[in-house]
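Protein chains in written order, with my numbering: chain A, 1 to 277; chain B, 278 to 625.
Note that the Cβ used here is the ideal one computed from N, Cα and C, for glycine as well.
Given the structure is predicted, the values throughout are model-derived calculations rather than measurements.
As C-alpha cells, the structure follows; a few thoughts come after it.
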C-alpha cells in the first residue's frame, strides 16, 4: 500500500529529476569531462510530461530525425521555390513524428505513474529511471510497429532527401523512359521464352536418355509411375525443423537451449524496474 | 522521501561525474588487437587471417563474413571479449573478410559485386592458402545474408555454413526496421547521397530502442565509476558504435529493395549477377545461431531459414541475449565459440 497520493509523488519525482539534471550539468562543468551528448536533454524530457513535449525531439536516438543535415552533409545552393516546398514538407513530416513521440512520452509517463502507485516507490532514483525506460520502450514498441508510425518515419526520411535535393545536394534520379521500359520488358519476355524452350528441350532430352538407359528402365519398372519432375522438396515445418535440430544438435547444445529457455521464462517474471546488467 | 531522494540524486550525480571524468582520461582504447595478417586484398576488401604458427594449417578453418554496416572489430573488441580469439582457442583457423570503406568511385558497386565477386575472391584465396577446395563460412548479421546467397550460388565451394543473427525473412511482424524502411524512396536517396552516410544508418539503429540505447545506457555509466576495465569496455563499445562506414550507394539500394522491401530471398525471387538465388539450393550443413532478445534481427527473421534451406543437416542454437550481446557479452564468449567450433569440427 502506497501512502503517497500519485499526484504528490509525481510532482516530487519530477522535481527531483530536474534537480538531478542540474546537478549532472554542474558536475560535468566542474569535472571538465566530456559531456554525454543529449543526456541533459534526456533528463529534462523525463522531468515532466509537459516539458517532454518540447524536448523529446532532442532525445538520443531520435535526434537524427530532427537534424536535416546528418552525416556531415551540408547545403550548397538553395533553389528558393523548390526549397520552400521541400522545407515545408520536411517541417510537416517532423511535426507529425514529434506528435507521435509526444504520445509515446506521455504514455510512458502514465504507465510509470500507475506502476509507482501500485508498487512501492523506490528510494533509489536509478530504479525509477529503469522503470521509466522499461515503460518507455514498451510504449514505443507498440507505436513503432504500427503502419502509421512506419509511414511517419519513411516520410521524414523521404522529405529530408527531398530537402537535400532541393538544396543542390546530389542529383535527382533519371526519370524512367517509357520507351526503355517497354524495350526492357520485351527483352525479358524474349529471355523467358528462350529459357522455356531450353527447359523443354532438356526435359525431352532427359526423357529420351531415361528411356534408352537400361538402369533407368530398371528403375522405371521398379517404380510404376516415375515422375520426370524434380521431386518436391519435403516441406519443413517448424515442428520438423525443431525435431531435425534436436536430432542434430549435440547433447551439450541441447542442454544450453533448454537452459536458455528456462532463463528467459525467469526473466519474463522479473519486475520491470529490475536492473539489467 | 525528499531527503532520501535528494541524497540519492547527489550520489548518482557524483558517481556519473566521476565516470565521465575517468572516461575522458581514457581516450580511445584500441580495438581489434588480436594478431592477424592480411593474406589477400582487392578493391573493396581485405582478407585477414588470425594467429600465427604452422599449427594453424592443421586446424579447422572458418571464414567470417561480417556486415557492411558496421566494423567487424566488435568480434574482437578486447582480449576478454573476442569471439575471434575464442574461436582460435577452440582450435579454429580464423579468416575474416574486412570490407573497406567505399569511395566516390564505388557508388555503383552492386550487391552482386560484393557477393559474387569480392566474397568469391576471398573464398578462393582462403582455399588457396589452406590448399583446400571448399570453405566453412560464418556469416554475421548482413554478412550472414551474404553468406546464404553465396552458398546458394556457389554450392561447390561451401563445406559448412554458420549464420549468426542473420536476417532471412525480412517481413516478419516484429521486424521494426523493415517495417519502417518499406516506404523509403531508396533510388532517390542513393541519387542524392551517392554513398549513404554511415551516421544516418547508425542513428536509425539507435532509434529502434531510443529509451534503452539513449537514457539507460548513459545512466548506467554511473555504475562504472572507479572500474577501469568496465569503463574501457564502455569506451570501446561507444567507439565501435559510432564508427559506422558509409555504404556504397548501389549495393545499399540493392539490399534495401531486394530484401527489406521485397523480401526476395524467401520468395525465391532474388537475382544476383543474372543468377537466381534459391535457398533450397543450399545443401551443405547449416548451423543457425540467433539471439532471443535481438531487436535488430528478430529470432523469427533468422529462424525462417529452417523453412527454406535445402539441407538435411540443419541445427539451431539460441542465445539468451541481444544483437550486440551475442558478440561481446561474457556469457556469449563462453557459450557461442565452443559450440560453433564443436559443430564445425564434427563435420570436417
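Exercise. Closer than 7 Å, Cβ to any Cβ of chain B: which residues of the stretch 157-191 of chain A, in chain order?
Worked result: 157, 158, 161, 164, 165, 169, 170, 171, 172, 173
Problem set entry | Endpoints, alpha helix (DSSP H) assigned at residue 154 of chain A | 147-166
Exercise. Where do the ends of the alpha helix (DSSP H) carrying residue 479 of chain B lie?
Worked result: 475-483
For this session: With DSSP collapsed to three states, give me the class of residue 623 of chain B.
Result: For residue 623 of chain B, the three-state secondary structure derived from DSSP is coil.
Exercise. Using the C-alpha atoms, what's the distance from residue 115 of chain A back to residue 8 of chain A?
Worked result: Unreliable positioning characterises residue 8 of chain A in this predicted model, as indicated by a pLDDT of 49, which lies under 50. The coordinate reading is nonetheless provided below. Taking the straight line joining both Cα atoms gives about 15 Å.
For this session: Whole angstroms is fine: what's the gap from residue 370 of chain B's alpha carbon to residue 300 of chain B's?
Result: 35 Å
For this session: Taking residue 366 of chain B as part of the beta strand (DSSP E), name the residues at either end of that continuous run.
Result: Element bounds for residue 366 of chain B: not the beta strand (DSSP E) but the alpha helix (DSSP H), 360-366.
Exercise. Between residue 219 of chain A and the rest of its own chain, which residues show a CB-CB distance below 6 Å, the 5 nearest in sequence each way excluded?
Worked result: Annotation note: pLDDT 36 at residue 219 of chain A (below 50); position unreliable, coordinate value reported separately. Counting only Cβ-Cβ distances below 6 Å, and skipping sequence neighbours, we find nothing.
Problem set entry | Reduced DSSP secondary structure (H/G/I, E/B, other) of residue 338 of chain B | strand
For this session: Give every residue of the same chain whose Cβ lies closer than 7 Å to the Cβ of residue 336 of chain B, excluding the five residues on either side of it in the sequence, and list them in chain order.
Result: 368, 369, 370
Exercise. Is residue 464 of chain B close to chain A, meaning its C-beta is less than 8 Å from at least one C-beta of that chain?
Worked result: yes
For this session: Starting from residue 535 of chain B, follow the beta strand (DSSP E) in both directions and report where the run begins and ends.
Result: Element bounds for residue 535 of chain B: n/a, residue is neither H nor E.
For this session: Report all residues from its chain with a CB closer than 6 Å to the CB of residue 541 of chain B; omit the five preceding and five following residues, and keep chain order.
Result: 535, 547
Problem set entry | Residues that DSSP places opposite residue 591 of chain B in a beta bridge | B/563
Exercise. For residue 530 of chain B, which residues from the same chain have a beta carbon less than 6 Å from its beta carbon, with the 5 sequence-adjacent residues on both sides left out?
Worked result: 463, 467
Exercise. Do residue 561 of chain B and residue 435 of chain B have their CB atoms nearer than 8 Å?
Worked result: yes
Problem set entry | Proximal chain A residues relative to residue 486 of chain B, where beta-carbon distance stays under 7 Å | 137
For this session: Go ahead and pull the three-state DSSP assignment for residue 516 of chain B.
Result: helix
For this session: Tell me whether residue 171 of chain A is buried or exposed, calling it buried when 16 or more other Cβ atoms sit within 10 Å of its Cβ.
Result: exposed
Exercise. Are the beta-carbon atoms of residue 303 of chain B and residue 316 of chain B separated by less than 8 Å?
Worked result: no
Exercise. By Cβ distance below 6 Å, which residues in the same chain neighbour residue 388 of chain B in space, the five residues on each side in sequence not counted?
Worked result: Around residue 388 of chain B: 528, 531, 532.
For this session: Measure from the alpha carbon of residue 482 of chain B to the alpha carbon of each residue in B/453, B/506, B/509, then state which is nearest.
Result: B/453
Exercise. What residues are listed by DSSP as bridge partners for residue 555 of chain B?
Worked result: Partner residues in a beta bridge of residue 555 of chain B, as assigned by DSSP, do not exist.
Problem set entry | Per-residue burial, residue 126 of chain A [other beta carbons within 10 Å of its own, 16 or more giving buried] | Per the 10 Å Cβ criterion, buried.
Problem set entry | Where residue 524 of chain B falls, given that 16 or more other Cβ within 10 Å makes a residue buried | The residue in question, residue 524 of chain B, is buried, as its Cβ has 16 or more Cβ neighbours within 10 Å.
Exercise. Checking contacts by CB at 8 Å: is residue 457 of chain B closer than that to chain A?
Worked result: yes
Problem set entry | Boundaries of the beta strand (DSSP E) in which residue 501 of chain B is found, first to last residue | That residue, residue 501 of chain B, is in no beta strand (DSSP E); it is neither H nor E in DSSP.
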